[in-house]
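Take a look at the structure set out below.
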Amino acid sequence: MALATLIAGRMSGVYNSVDVGITRQGHEVEIQLKAEVIDESDLFGLSMIDAIHRGGDAFYNAVFREYKAGSISILTRPFGGTLGLLTNAANPMGVLLSDKAQALVLTATASTPAALTPATLTASKSILAENYPVKIVHDSRLKELPIRMRLIPYVSGSDTIFFSTT
């Protein structure tokens, strides 16, 4: 029996139901709390004394070691599935990214400590993050694909969420 609650184990990933392959150092989910800081007062000077909850952002980061359909589709999804395409009649400027977003599903490997913490993570509205420069190196080294995705919030029941877990 372990001396502490230690969780380790690989998660596999799919985007739009297509396997994204292996990553360099796993799948990273980043959550940022947004708040209006209450500071600068005559009593406490410039000290932060509280903050008001003002939302948040969530992102997914990975460096894919396999250059394959699933990982490439993250890059091409906003542009009609074609690498290098910016816009056309079917994918005009001005569409909402949430309309182009797809589900990112991470699943823990069975029989590992991570198998149930969580067993799955599903971000139903995931898309390549705005203003993120994807750099694909074309040379004799392994072609890796560094990706940052925005997890767009969506309504689930009476809650607004970035992702769900089981």
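So the sequence shown is numbered by our numbering: it starts at 7 and just counts up by one.
Where is the CB? At the ideal position from N, CA and C, for every residue including glycine.
This structure is a prediction, so every number in the text was calculated from the model and none was measured.
Where residue i falls: helix, strand or coil (DSSP)
i	result
residue 50	coil
residue 164	coil
residue 105	helix
residue 82	helix
residue 122	helix
residue 10	coil
residue 77	helix
For residue j and residue i, believed in contact at Cβ under 8 Å, the rounded distance
i	j	result
residue 112	residue 126	7 Å
residue 21	residue 76	6 Å
residue 158	residue 133	7 Å
residue 50	residue 150	With a Cβ gap of about 48 Å, residue 50 and residue 150 do not count as contacting.
C-alpha distance - residue i paired with residue j, whole-angstrom precision
i	j	result
residue 66	residue 19	11 Å
residue 130	residue 141	25 Å
residue 91	residue 97	9 Å
residue 163	residue 172	16 Å
residue 74	residue 48	59 Å
Residues that DSSP places opposite residue i in a beta bridge
i	result
residue 41	59
residue 18	113
residue 153	68
Below-8 Å beta-carbon distance, residue i vs any chain B residue
i	result
residue 158	The chain inventory of the structure shown lacks chain B, comprising one protein chain alone.
Could you tell me whether the stretch 26–33 touches the stretch 47–63, using the rule of 3 or more Cβ pairs below 8 Å?
no
Taking three-plus beta-carbon pairs below 8 Å as touching, is the stretch 35–46 in contact with the stretch 72–91?
no
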